[in-house]
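S.K.: One structure follows; several queries about it will come next.
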Amino acid sequence: MQSGAVAARRCVIWFGEPSASERNALAQSGWSVRSVNAPGGELRVRGGDIVVAMADLRESDDRGLDAMGELMAAHPRLIWLALVSSRTSAQAPRVQRILQASVDFFTAPVDLGRLIDTLGTIVGGKPPASGGDIDGIVGRSPAMRATLSRLRKFAPVDLPVLITGETGTGKEGAAKALHQLSVRSGKPFVAINCGALPVNLVQSELFGHERGAFTGANARRIGHIESAAGGTVFLDEIGDLPLDAQTSLLRFLQEGTIERLGSSQSIRADARVIAATHVDLEHAVAAGRFREDLYYRLNVLRLPMPSLREREGDVELLAQYFLDRFREHHACRARGFGPSARAAMRRFGWPGNVRELINRVQRAAVIAEDALVSAADLDLPGADSGNGSAPALGVARVTAEREAIMKCLRESRFNISECARRLRISRVTVYRLCKKHRLALDELR
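By this note's numbering, the letter at position 49 of the sequence shown is numbered 637, and the numbering carries on one by one without gaps.
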């Protein structure tokens, strides 16, 4: 026999039992499959082979999950993928440790196309698909790649998630993505803005009420949590939830039961809770405005959303994405962004984050007279023309902004919530503008 180099094989070591369709799809893509029914024993890999290990957790019990975790720890140089199901997602802490050690994971039934693509990127030496976009969430910056990676790991783990970040960073979009990538994706996604609920109706809105529970309660009402049945409840601005409602929410998270207002009967409710806040909950706990035990119940998995100024290079990518989406439904001349617009977007601080970018892009798409949007169309300071007009315009704009916020504060009698509603911005933006223009609210009041 003539000696020579042996061609490298591409092999998937599948810890579990792949289905016939999974095995065939891999074989057609040039991957051999070696099935190992128990996560024990010695792994023998031929030198030069390209090997990827699949941790199939679909039928694993606690003992199997522990054994798989030990095996992964013993072979850290292997490239590990993971496969989970609704059954294994209940074993949250063990599953979470395995997912953190994997470069990517899949939920049953397996998206075979994505699996093959992921294996292809591994062969090509590129980052696996877990760093890519998720529907509605666009970004290539290091900050966004880290966020997307964490989001993919959290999605299949059926535990509460606390999403933090400034107003306008896309917290609701992240919550929807967590739901869509979870085993609950076929069930309802119910979003509730806790800050917009009338104080006297919070309990009824969240947990429902019985007929006669209060004046005007003419019929039984199912609350948002109960209506989510098997799905996900997204509690936006959780820091604004009154203390009595916090107690009821804590009971639900601890026991999985709720009580409708006007009833003493406990009702089983199955919904995953995702909460979001732009305020510092640790500070709210210290000030007595938020229950410490509820905070720890919600803060099991934490997903910080980066501000737009932290997402280097993403602003132009996002602007084009939002413009393309706008053009799908509205006729407009704008097709892209000119040099002045791109430079202005890179320089701007974006206090309203992605939400502000969307608003400016949509407004620019409506008023733009040319195919390329300008800095003026975006209502952003353009490149310095050298004649002194740009700085003058900047000073005029700052002055007008200060006068506008002062006028609104006076008209609303320095009620921050009312001022925010009139200006159609968030309360945190009102506070930020006051700080920017050195407006001492206590003194002005």
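All C-beta atoms, glycine included, are put in the ideal place defined by N, C-alpha and C.
1) Please state whether DSSP places residue 878 in a helix, a strand or coil.
2) Between residue 1065 and the rest of its own chain, which residues show a CB-CB distance below 8 Å, the 5 nearest in sequence each way excluded?
3) Give every residue of the same chain whose Cβ lies closer than 7 Å to the Cβ of residue 749, excluding the five residues on either side of it in the sequence, and list them in chain order.
4) Under 8 Å, with one C-beta from each stretch per pair, do the stretch 751 to 760 and the stretch 924 to 937 reach the 3-pair mark?
5) The ligand FMN and residue 804: does the residue's C-beta get closer than 8 Å to at least one heavy atom of that ligand?
6) I'd like the span of the alpha helix (DSSP H) that includes residue 788, first residue to last.
7) Would a C-beta distance cut-off of 9 Å place residue 772 and residue 850 closer than the cut-off?
8) Measure the beta-carbon distance from residue 860 to residue 844 and round it to whole angstroms, keeping in mind my assumption that it falls under 8 Å.
9) In three-state DSSP terms, what is residue 1017?
10) Taking Cβ to Cβ, would you say residue 775 is nearer than 9 Å to residue 820?
11) Going by CA-CA distance only, name the one from 609, 949, 604 and 619 that's closest to residue 597.
12) Here's the rule: buried if 16 or more other CB atoms are within 10 angstroms of the residue's CB, otherwise exposed. What is residue 1037?
13) At 3 residues or longer, what runs of the beta strand (DSSP E) sit wholly inside the stretch 902 to 944?
14) Are residue 725 and residue 689 closer than 9 Å when you measure CB to CB?
15) At what residue ranges does the stretch 778 to 856 contain a whole run of the beta strand (DSSP E), taking only runs of 3 or more?
16) In whole angstroms, what separates the C-alpha of residue 791 from that of residue 879?
17) Round the Cβ separation of residue 793 and residue 779 to the nearest angstrom and send it over; I've been treating them as touching at under 8 Å.
18) Along the chain, where does the beta strand (DSSP E) that runs through residue 746 open and close?
19) Excluding five sequence neighbours on each side, which residues of the same chain lie with their C-beta closer than 6 Å to the C-beta of residue 949?
20) Report the CB separation of residue 929 from residue 961 in whole angstroms; it is logged as a contact under 8 Å.
21) Should residue 806 be labelled buried (16 or more other beta-carbon atoms within 10 Å of its own) or exposed?
22) What residue does the alpha helix (DSSP H) around residue 598 start on, and which one ends it?
23) Please classify residue 719: does DSSP put it in a helix, a strand, or coil?
24) What does the Cβ neighbour count give for residue 802, buried or exposed, with the cut at 16 atoms within 10 Å?
M.R.: Here's the rundown:
1) The answer is coil: DSSP assigns residue 878 none of H, G, I, E or B.
2) Given a span of 589 to 1033 for the chain in the structure shown, any question on residue 1065 remains unanswerable.
3) Taken in chain order, the residues that qualify are 742, 766, 862, 889 and 891.
4) Of all C-beta pairs linking the stretch 751 to 760 to the stretch 924 to 937, fewer than three are shorter than 8 Å, placing the two stretches out of contact.
5) Although the ligand FMN was asked about, the structure shown includes no ligands whatsoever.
6) No alpha helix (DSSP H) holds residue 788; DSSP gives it neither H nor E.
7) Cβ distance not < 9 Å, so residue 772 and residue 850 don't count as in contact.
8) At roughly 11 Å, the Cβ-Cβ gap does not stay under 8 Å, so residue 860 and residue 844 are not in contact.
9) Here residue 1017 sits in helix by DSSP.
10) Contact annotation: residue 775 and residue 820 have beta-carbon atoms nearer than 9 Å.
11) Nearest in C-alpha terms to residue 597, of all of 609, 949, 604 and 619, is 619.
12) A query on residue 1037 cannot be resolved here, the shown segment of the chain reaching from 589 to 1033 and no further.
13) Fully enclosed beta strand (DSSP E) runs of 3 or longer: not present.
14) No; because the gap between Cβ atoms is not below 9 Å, this pair is not in contact.
15) With a minimum length of 3 residues, the continuous beta strand (DSSP E) runs that stay inside the stretch 778 to 856 are 820 to 824.
16) Roughly 16 Å between the two C-alpha positions.
17) The pair is not a contact, with the Cβ atoms about 12 Å apart (cut-off 8 Å).
18) Neither: residue 746 is in no beta strand (DSSP E) and is coded neither H nor E.
19) Setting aside the 5 residues that flank it on each side, residue 949 is surrounded in the same chain by 907, 910 and 911, each with a C-beta closer than 6 Å to its C-beta; the list follows chain order.
20) Going by Cβ atoms, the distance from residue 929 to residue 961 rounds to 5 Å, so yes, they are a contact pair.
21) Classification of residue 806: exposed, given that the 10 Å Cβ count is below 16.
22) Element bounds for residue 598: not the alpha helix (DSSP H) but the beta strand (DSSP E), 598 to 603.
23) Confidence in residue 719 is poor, its pLDDT being 39 and thus under 50, which makes the residue's placement too unreliable to answer from.
24) Exposed: under 16 other Cβ atoms inside 10 Å.
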